[in-house]
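S.K.: Under this note's numbering, the first residue of the sequence shown is numbered 940, with each subsequent residue one higher. From the three backbone atoms N, C-alpha and C, an ideal C-beta is built for every residue, glycine too. Keep in mind it's a predicted model, so treat the numbers as computed, not measured.
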Amino acid sequence: MIFLFFFLGVIFAFAEELKDDPNIVVEEMYAELETVSKSYSEKITFYNKKLQEIDIALIQEKNTERKLNLLLEKDMLKTNISNNLSDMSNEISKIRYIKGLQIIRILYEKVLGLDHHFSSVRTFSEISKISNPTQYPEFEKVQDLIKSKKDKKFGFDLTSILGTNSIASVINTFTSMLVSNLTKEEKESELKKVDCIIDFTLRMQNDLNTIYFETAFLQKSNDGIKKDIETLFRDYTKPIGYAKSLKECRENDDWSEVKDKLENYVLTIAKSENLQKRKMQIEVEFPIDRLIQFIGGYNNFINSGEQFYQKFSIILNSYQNQTQCESKLPIEYGKLKSDINIAIDKFNVAYKPVEVNGSKMKEILYGINEFQ
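(1) Whose C-beta lies closer than 8 Å to the C-beta of Glu1065 among residues of the same chain, with five residues either side of it excluded?
(2) Using the rule of at least 16 other Cβ atoms within 10 Å of the residue's Cβ for burial, across every protein chain shown, is Gln1311 buried or exposed?
(3) Phe1251 and Ile1164 - do their beta-carbons sit closer together than 8 Å?
(4) Helix, strand or coil: how does DSSP classify Cys1264 here?
(5) Please list the terminal residues of the continuous alpha helix (DSSP H) segment that includes Ile1283.
(6) Please classify Arg1312: is it buried, with 16 or more other beta-carbons within 10 angstroms of its beta-carbon, or exposed?
(7) Going by the C-beta, is Glu1048 closer than 7 Å to any heavy atom of the ligand GDP?
(8) Counting C-beta neighbours from all protein chains within 10 Å, is the total for Ser1070 16 or more, i.e. buried, or is it exposed?
(9) Quick check on DSSP: helix, strand or coil for Ala1182?
(10) Sort Lys1186, Ala1182, Glu1190, Tyr986 by Cα distance to Asp1199 and report the nearest one.
(11) Whose CA, out of Leu997, Met1027, Tyr969, Lys1001, lies closest to the CA of Ile1315?
(12) In chain order, which continuous runs of the alpha helix (DSSP H) of length 4 or greater are located wholly inside the region 1032 to 1086?
(13) Can you grab the Cα-Cα spacing for the pair Ser1184 / Gly1273, in whole Å?
(14) Does the distance from the C-beta atom of Tyr1258 to that of Phe1286 stay below 8 Å?
(15) Thinking C-alpha only, which one of Thr1140, Ile1085, Leu1206 is nearest Leu1121?
(16) Please work out which residues of its chain come closer than 7 Å, Cβ to Cβ, to Val975, disregarding the five sequence neighbours upstream and downstream, and give them in chain order.
(17) Tell me where the alpha helix (DSSP H) around Ser1115 begins and ends.
(18) Tell me whether Val1293 is buried or exposed, calling it buried when 16 or more other Cβ atoms sit within 10 Å of its Cβ.
(19) From which residue to which residue does the alpha helix (DSSP H) around Lys1121 run?
(20) Round the Cβ separation of Pro1323 and Ile1137 to the nearest angstrom and send it over; I've been treating them as touching at under 8 Å.
(21) Would you mind listing the alpha helix (DSSP H) stretches within the region 949 to 1018 that are 4+ residues and don't spill past its ends, in chain order?
(22) Measuring alpha carbon to alpha carbon, tell me which of Tyr1047, Asp994, Glu992, Asn987 ends up nearest Ser1021.
(23) Quick one, are the C-beta atoms of Leu1157 and Gly1244 less than 8 Å apart?
(24) Please state if the CB of Ile1231 and the CB of Leu1201 are separated by a distance shorter than 8 Å.
(25) Evaluate contact between the region 1122 to 1142 and the region 1075 to 1083, counting only Cβ atoms and requiring at least three cross-stretch pairs below 8 Å.
(26) DSSP on Phe945, reduced to helix/strand/coil?
(27) Whole angstroms is fine: what's the gap from Lys1276's alpha carbon to Asn1148's?
(28) Expressed to the nearest angstrom, what Euclidean distance is found between the alpha-carbon atoms of Ser1058 and Gln1144?
(29) Quick check on DSSP: helix, strand or coil for Lys1088?
(30) Taking the alpha carbon of Ile1110 as the reference point, which residue from Gln1082, Glu1127, Glu1124, Lys1088 has its own alpha carbon closest?
(31) Could you give the DSSP three-state label for Glu1245: helix, strand or coil?
(32) Report yes if the C-beta distance between Tyr1047 and Arg1189 is below 8 Å; otherwise report no.
(33) Using the beta-carbon count (16 or more within 10 Å), is Ala970 buried or exposed?
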């Protein structure tokens, strides 16, 4: 009964407070499991010691009546041990369940944060603008000048499709410049105005496109993570009779109803016979296992995402003529580098993995620890 009140207190805390670090919840869970395990272990150790004393007394006792009383006491002790083992198992399952629900709630906020992050990443059109020289005003001015000075006998205009192709446009600009009426000095002067733009875009175009497409891949993967946690929540809350989706629960701030369902479920367990208790316990153990699997997938995604952004940072800092062309590079290039660095920090801090492994993984998944 003491632990029933303790667990109900945990439920109320769940409804009132939302931490932003799942690892704090894991540490709290570990501490609470340790407290429960120690408490019951002390009782069970006491009963086992009494059993040993009775076994010794039974060997020595000659009086039949006293021997019968010892046997009755032995049966009572065995029943107490069995009941305490069952109660300890129930308490462990309940703590794991409520803390697991807290972790789901926190991770969902992080997944939504990732969704917002990927949505705010520069679009393909923005990336294309950085990587295509035809999008730069300086390059357009040179093109216009060459067009006005070109020799109509030799020059030609690109089609509308090829006109947007960076390589075709650069080649056409150079060939038109060669046969134009511009003097050598004018050609060299105009070329200096766009040399950094042409060099940067031709060198970095494929790399910038890689950043865009791999970011799009990460966004799609995050969509999968979001669907997984929403499915997990549905399976997780099914045993307690909560039918709304995780999205609905969050949008309507419906956590108090989840709390009520949990409270009723716990009270039902407390009033049930041992067989029914075990059945209800099994019903909440399966979704806990699913939570551990989800945490593994989430951790892998966060680690992978951080590695992707580390690669993006290396790519953006690999431009060979960055120092010479710094003043001529687009502002968007600097902003993209800043965005990448911010993303790396977010993956390391805001979205960091849940530190569940080794002995703590066994503790959470199976309720096993060194105190048992």
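M.R.: Judging by the given coordinates:
(1) Counting from 1 along the sequence shown, the entry for residue 1065 is found at position 126. Correct list, in chain order: Glu1271.
(2) Locating residue 1311 in the sequence shown gives position 372, counting from the first residue. Any reading at Gln1311 needs caution, since the residue's pLDDT is 42, under 50, leaving its predicted position unreliable; the model's value is listed next. Per the 10 Å Cβ criterion, exposed.
(3) Translated into the one-based positions of the sequence shown, residue 1164 becomes position 225. Translated into the one-based positions of the sequence shown, residue 1251 becomes position 312. Result no, Cβ atoms of Ile1164 and Phe1251 do not sit closer than 8 Å.
(4) As a first step, residue 1264 is located in the sequence shown; it is residue number 325 there, counting from the start. The answer is coil: DSSP assigns Cys1264 none of H, G, I, E or B.
(5) Locating residue 1283 in the sequence shown gives position 344, where the first residue counts as 1. Ile1283 -> alpha helix (DSSP H) spans 1270 to 1287.
(6) Because the chain spans 940 through 1311 in this model, residue 1312 falls outside it and cannot be assessed.
(7) This structure lacks the ligand GDP; in fact it carries no ligand of any kind.
(8) The sequence position of residue 1070 within the sequence shown is 131, counting from 1. A residue is called buried once 16 or more other Cβ atoms fall within 10 Å of its Cβ, and Ser1070 is buried on that count.
(9) Stepping through the sequence shown from its first residue, residue 1182 is reached at position 243. Coil at Ala1182, not helix or strand.
(10) Here residue 1199 is taken as the residue at index 260 of the sequence shown, counted from 1. Asp1199 has its Cα closest to that of Ala1182, out of Lys1186, Ala1182, Glu1190, Tyr986.
(11) Residue 1315 lies beyond the range of the chain shown here (940 to 1311); nothing can be said about it.
(12) Secondary structure in the region 1032 to 1086: the alpha helix (DSSP H) runs of 4 residues or longer, each lying completely within the stretch, are 1063 to 1070 in chain order.
(13) Taking the sequence shown and counting its residues from 1, the one referred to as residue 1184 is at position 245. Taking the sequence shown and counting its residues from 1, the one referred to as residue 1273 is at position 334. So the two alpha carbons sit approximately 41 Å from each other.
(14) Within the sequence shown, residue 1258 is the residue found at index 319, counting from 1. Within the sequence shown, residue 1286 is the residue found at index 347, counting from 1. A distance of 8 Å or more separates the beta carbons of Tyr1258 and Phe1286.
(15) Against the sequence shown, residue 1121 aligns to sequence position 182. Residue nearest to Leu1121 within the set Thr1140, Ile1085, Leu1206 is Ile1085 (criterion: CA-CA distance).
(16) Looking up residue 975 in the sequence shown gives position 36. Cβ within range, chain order: Phe942, Met1027, Glu1030, Ile1031, Ile1034.
(17) Taking the first residue of the sequence shown as 1, we reach residue 1115 at position 176. Note, Ser1115: alpha helix (DSSP H), 1105 to 1117.
(18) Residue mapping note: residue 1293 aligns to position 354 of the sequence shown, counting from 1. Its Cβ being crowded by 16 or more others within 10 Å, Val1293 is buried.
(19) On the sequence shown, residue 1121 is found 182 positions in, with the first residue counted as 1. As written in the sequence, residue 1121 is Leu, which differs from the Lys given in the question. No alpha helix (DSSP H) contains Leu1121, which DSSP labels as neither H nor E.
(20) The requested residue 1323 does not occur in the structure, where the chain is confined to residues 940 to 1311.
(21) 961 to 999
(22) Taking the first residue of the sequence shown as 1, we reach residue 1021 at position 82. Ranking the options by Cα distance to Ser1021, first place goes to Asn987.
(23) Counted from its first residue, the sequence shown places residue 1157 at position 218. Counted from its first residue, the sequence shown places residue 1244 at position 305. Result yes, Cβ atoms of Leu1157 and Gly1244 sit closer than 8 Å.
(24) Here residue 1201 refers to the residue found at position 262 of the sequence shown. Here residue 1231 refers to the residue found at position 292 of the sequence shown. Against a cut-off of 8 Å, the Cβ pair of Ile1231 and Leu1201 comes out as no contact.
(25) yes
(26) As a working mapping, residue 945 is identified with position 6 in the sequence shown. A caution first: Phe945 carries a pLDDT of 44, below 50, which makes its placement in the model unreliable, though a value can still be read off. Three-state DSSP puts Phe945 in a helix.
(27) To locate residue 1276, count along the sequence shown from 1; it is residue 337. To locate residue 1148, count along the sequence shown from 1; it is residue 209. Here the alpha carbon of Lys1276 sits roughly 14 Å from the alpha carbon of Asn1148.
(28) By 1-based counting over the sequence shown, the position of residue 1058 is 119. By 1-based counting over the sequence shown, the position of residue 1144 is 205. So the two alpha carbons sit approximately 22 Å from each other.
(29) Within the sequence shown, the letter at position 149 stands for residue 1088. In the three-state reduction of the DSSP assignment, Lys1088 falls in the helix class, which pools H, G and I.
(30) Position 171 of the sequence shown, counted from the start, is the residue given in the question as residue 1110. Nearest option by C-alpha distance: Gln1082.
(31) Counting from one through the sequence shown, the residue named residue 1245 turns up at place 306. Note: Glu1245 maps to helix in three-state DSSP.
(32) Indexing the sequence shown from 1 puts residue 1047 at position 108. Indexing the sequence shown from 1 puts residue 1189 at position 250. A contact, by the Cβ cut-off of 8 Å.
(33) Start at 1 with the first residue of the sequence shown, and residue 970 comes out as number 31. Under this definition Ala970 is an exposed residue.
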